Amino acid sequence: MSTNEQDYAALDLAARLATEYRRDMAAADSVPVTGYGEIHARFDGPVPEQGTDALSLIAELDTGARDGLRGIVAPRFYAWVNGSSHLAGVAADWLTSAWGQNGAGIPMSPAAAAVEAVAARWLLELLDLPPESSVGLVSGATIANFVGLAAARGELLLRQGWNVEEDGLYGAPNLRVLIGADAHNTVFSGLRYLGLGEKRVTTIATDSLGRMLPGDLECALKASSDPAIVIGQAGQINTGVSDPFAAIVPLVHAHGGWIHVDGAFGLWARASEKHRHRLDGIEQADSMATDGHKWLQTPYDCGFTIVRHEAAHRRAMDMQASYLTRDNAQFRHPGAYVPELSRRARGFAAWAMMRRLGRSGVATMVDEDIRIAQLMAAGMAAIPGVTVINQPELNQFIVRFGADRGDEAGDRLTQATVDRIQQEAVAFMGTALWRGRLIMRVSVCSIATTERDAQITVDAVRSAWEAVQAAG
Ligand SMILES: Cc1ncc(COP(=O)(O)O)c(C=O)c1O
2 MSTNEQDYAA LDLAARLATE YRRDMAAADS VPVTGYGEIH ARFDGPVPEQ GTDALSLIAE
62 LDTGARDGLR GIVAPRFYAW VNGSSHLAGV AADWLTSAWG QNGAGIPMSP AAAAVEAVAA
122 RWLLELLDLP PESSVGLVSG ATIANFVGLA AARGELLLRQ GWNVEEDGLY GAPNLRVLIG
182 ADAHNTVFSG LRYLGLGEKR VTTIATDSLG RMLPGDLECA LKASSDPAIV IGQAGQINTG
242 VSDPFAAIVP LVHAHGGWIH VDGAFGLWAR ASEKHRHRLD GIEQADSMAT DGHKWLQTPY
302 DCGFTIVRHE AAHRRAMDMQ ASYLTRDNAQ FRHPGAYVPE LSRRARGFAA WAMMRRLGRS
362 GVATMVDEDI RIAQLMAAGM AAIPGVTVIN QPELNQFIVR FGADRGDEAG DRLTQATVDR
422 IQQEAVAFMG TALWRGRLIM RVSVCSIATT ERDAQITVDA VRSAWEAVQA AG
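Numbering (the working numbering), first residue to last: 2 to 473.
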């Protein structure tokens with residue numbers, strides 16, 4: 002079936018429906034969703050024997066899916082560390098799809114490669130990281146961590162005369178992996194993919210909020226002469242705290258190790274004059290991972306790996322074939338830094354968000370989200386029976402309800418209160434375990450969230466908690 006006018010009309014319809022959705026969502030409470038089962042039933046059925054035009058199917062998609070969408074872009078969505086898919090990024094992303102560019106290399110799309118190169122440089126400048134670093138645009142921090150760890154593995158083994166990219170891990174010298182006790186799960190996936198084993202790690206003790214203890218790290222580094230990949234973090238998923246990089250990065254280097262930092266959202270504190278001191282010393286780290294689709298507000302998917310040793314980065318990722326010509330050796334080749342070949346031209350949306358916000362816009366957004374998180378935490382801490390476990394130094398904090406009534410009761414009451422908040426749908430939070438106990442997590446990671454939202458959210462939490470207590 003060739004493209005027809007109805008197919009072209011689908012682009013306009015999609016734009017209209019999307020605009021309508023976003024206008025509603027800007028003002029909306031965090032609406033409840035229709036569940037998976039019902040949505041699945043609407044779409045399920047035999048494989049269609051005949052095709053249909055794009056205009057009709059876009060209408061069908063919108064009607065069938067709309068009430069099953071989670072209000073992630075709503076201003077009072079705090080459940081996971083999700084950005085708001087800013088309209089500037091979305092619009093750039095529409096063009097990216099319509100242009101149908103393959104981000105794999107300069108021959109496939111000179112424009113995609115060139116814009117990505119600019120976005121990569123801007124990223125380093127915004128985060129004030131060493132300009133010689135190489136940057137790969139990947140699908141998110143999970144893969145960004147994997148890429149950084151791949152560069153680490155290759156470099157530490159090469160320093161011992163072993164080329165893991167060519168010879169694999171069979172018979173390779175030993176490597177150790179040292180990791181903070183409160184690391185994000187996704188780094189373990191990276192270790193698994195790399196044959197380093199997610200369980201074969203040495204866990205470094207952390208303080209009460211999740212920061213790695215330098216003394217413990219030093220002991221572990223001294224315990225063996227095998228080179229170590231140390232995995233630090235900027236922004237703990239629950240408490241938002243960061244490792245003390247000024248202390249730990251030099252320690253790792255003094256022992257011949259490589260330090261990789263998972264900074265999925267926390268790395269963006271570097272963009273703020275007010276908050277960047279929390280990450281002092283991180284600029285000396287060997288590799289880092291961060292996301293665009295969190296604090297930069299790009300649409301999914303957008304993550305960045307940043308490596309201070311370009312050769313190690315390229316050795317780990319570069320893929321060449323005779324049919325993929327590289328005439329322009331003087332230019333940055335986008336495929337040299339990522340595990341994929343064909344991929345979305347992510348540089349367009351990343352460029353668009355940095356162009357839309359500028360250096361001051363990014364800094365203001367980070368400052369505002371932190372200020373709003375602090376206001377909310379203070380507001381919740383003032384509610385009787387509510388315990389705010391950490392005063393946010395970044396954009397994350399965690400809360401327990403009824404903790405004074407014992408551990409089990411605290412878990413039950415926390416779950417009941419979060420359930421109630423979700424049902425009332427004024428704001429949306431989730432739960433997690435912290436030190437073995439259930440907590441409510443609050444992530445303020447959206448440019449859409451305002452001080453007024455903070456007040457509305459505190460009121461919603463108070464009313465849910467009072468209702469839970471009244472219900473016994
Ligand atoms: C600290 C941290 N690391 C890694 C990730 C994984 O990022 P992504 O979901 O973009 O792959 C997250 C996601 O929330 C995170 O908060």
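Just so you know, even glycine gets a beta-carbon here, dropped at the ideal spot from N, CA and C.
Computed from a prediction, not measured in an experiment: that's the story for all the values here.
> Would you say A415 and I440 are within 9 Å of each other, going by their C-beta atoms?
Replying inline: Here residue 415 refers to the residue found at position 414 when the sequence shown is read from its first residue. Here residue 440 refers to the residue found at position 439 when the sequence shown is read from its first residue. Inspection of the sequence shows that residue 415 is occupied by Thr rather than by Ala. Going by C-beta atoms, T415 is nearer than 9 Å to I440.
> The alpha helix (DSSP H) with T187 in it runs from where to where?
Replying inline: The sequence position of residue 187 within the sequence shown is 186, counting from 1. Where T187 is concerned, the enclosing alpha helix (DSSP H) stretches over 186 to 194.
> Measuring from the CB of G211, is there a heavy atom of ligand 1 at a distance below 8 Å?
Replying inline: On the sequence shown, position 210 is the one that residue 211 refers to. The answer is no for G211.
> Exposed or buried, P131, counting other C-beta atoms within 10 Å across all chains shown (16 or more means buried)?
Replying inline: Within the sequence shown, residue 131 is the residue found at index 130, counting from 1. So P131 ends up on the exposed side.
> Can we count H185 as close to ligand 1, meaning its CB is less than 8 Å from some heavy atom?
Replying inline: Residue numbering aside, residue 185 sits at position 184 when the sequence shown is read from its first letter. Under cutoff, so the answer is yes.
> What is the DSSP secondary structure of T306, counted as helix, strand or coil?
Replying inline: By 1-based counting over the sequence shown, the position of residue 306 is 305. Three-state result, T306: strand.
> With DSSP run on the structure shown, which of helix, strand or coil describes H254?
Replying inline: Position 253 of the sequence shown, counting from 1, holds the residue named residue 254. Helix.
> From which residue to which residue does the alpha helix (DSSP H) around R212 run?
Replying inline: On the sequence shown, residue 212 is found 211 positions in, with the first residue counted as 1. No alpha helix (DSSP H) contains R212, which DSSP labels as neither H nor E.
> Where G359 and A353 are concerned, what is the direct C-alpha to C-alpha distance, given to the nearest angstrom?
Replying inline: As a first step, residue 359 is located in the sequence shown; it is residue number 358 there, counting from the start. As a first step, residue 353 is located in the sequence shown; it is residue number 352 there, counting from the start. Their backbone Cα atoms lie some 10 Å apart in a straight line.
> Does the region 40 to 47 come close enough to the region 86 to 99 to have 3 or more Cβ pairs within less than 8 Å?
Replying inline: Counting Cβ pairs under 8 Å, fewer than three are found: no touch.
>> Extract the residue ranges of the alpha helix (DSSP H) inside the region 225 to 304, only unbroken runs of 4 or more that lie entirely within it.
In response: 246 to 255
>> Please identify the residue among A118, S3, E117, R160 whose C-alpha is closest to the C-alpha of A313.
In response: Start at 1 with the first residue of the sequence shown, and residue 313 comes out as number 312. When each option's Cα is compared against that of A313, the closest is R160.
>> Closest to L210 by C-alpha separation, out of R193, T240, N186, would be which residue?
In response: Position 209 of the sequence shown, counted from the start, is the residue given in the question as residue 210. Selected option, being the one with the closest Cα: T240.
> Taking the runs of the alpha helix (DSSP H) that are 4 residues or longer, which of them lie wholly in the region 377 to 463?
Replying inline: Segments of the alpha helix (DSSP H) lying fully in the region 377 to 463: 408 to 425.
> Going by DSSP, which residues form a beta bridge with T204?
Replying inline: On the sequence shown, residue 204 is found 203 positions in, with the first residue counted as 1. I180.
> Buried or exposed: which applies to V48, given that a residue is buried once 16 or more other Cβ atoms fall within 10 Å of its Cβ?
Replying inline: For this step, residue 48 is matched to residue 47 along the sequence shown. That one is exposed.
> Under a three-way DSSP split, which group does V139 fall into?
Replying inline: The sequence position of residue 139 within the sequence shown is 138, counting from 1. Looking at V139 - three-state DSSP - the assignment turns out to be strand.
> Going by alpha carbons, who is nearest to V136 out of D405, H334, T207, L58?
Replying inline: The sequence position of residue 136 within the sequence shown is 135, counting from 1. Of D405, H334, T207, L58, the residue nearest in Cα terms is H334.
> For L157, which residues from the same chain have a beta carbon less than 7 Å from its beta carbon, with the 5 sequence-adjacent residues on both sides left out?
Replying inline: By 1-based counting over the sequence shown, the position of residue 157 is 156. These residues qualify, in order along the chain: L176, P228, I230, W259.
> When burial is assigned at 16 or more other CB atoms within 10 Å of the CB, is L434 buried or exposed?
Replying inline: As a position in the sequence shown, residue 434 is number 433, starting the count at 1. By the neighbour-count rule (16 or more Cβ atoms within 10 Å), L434 is not buried but exposed.
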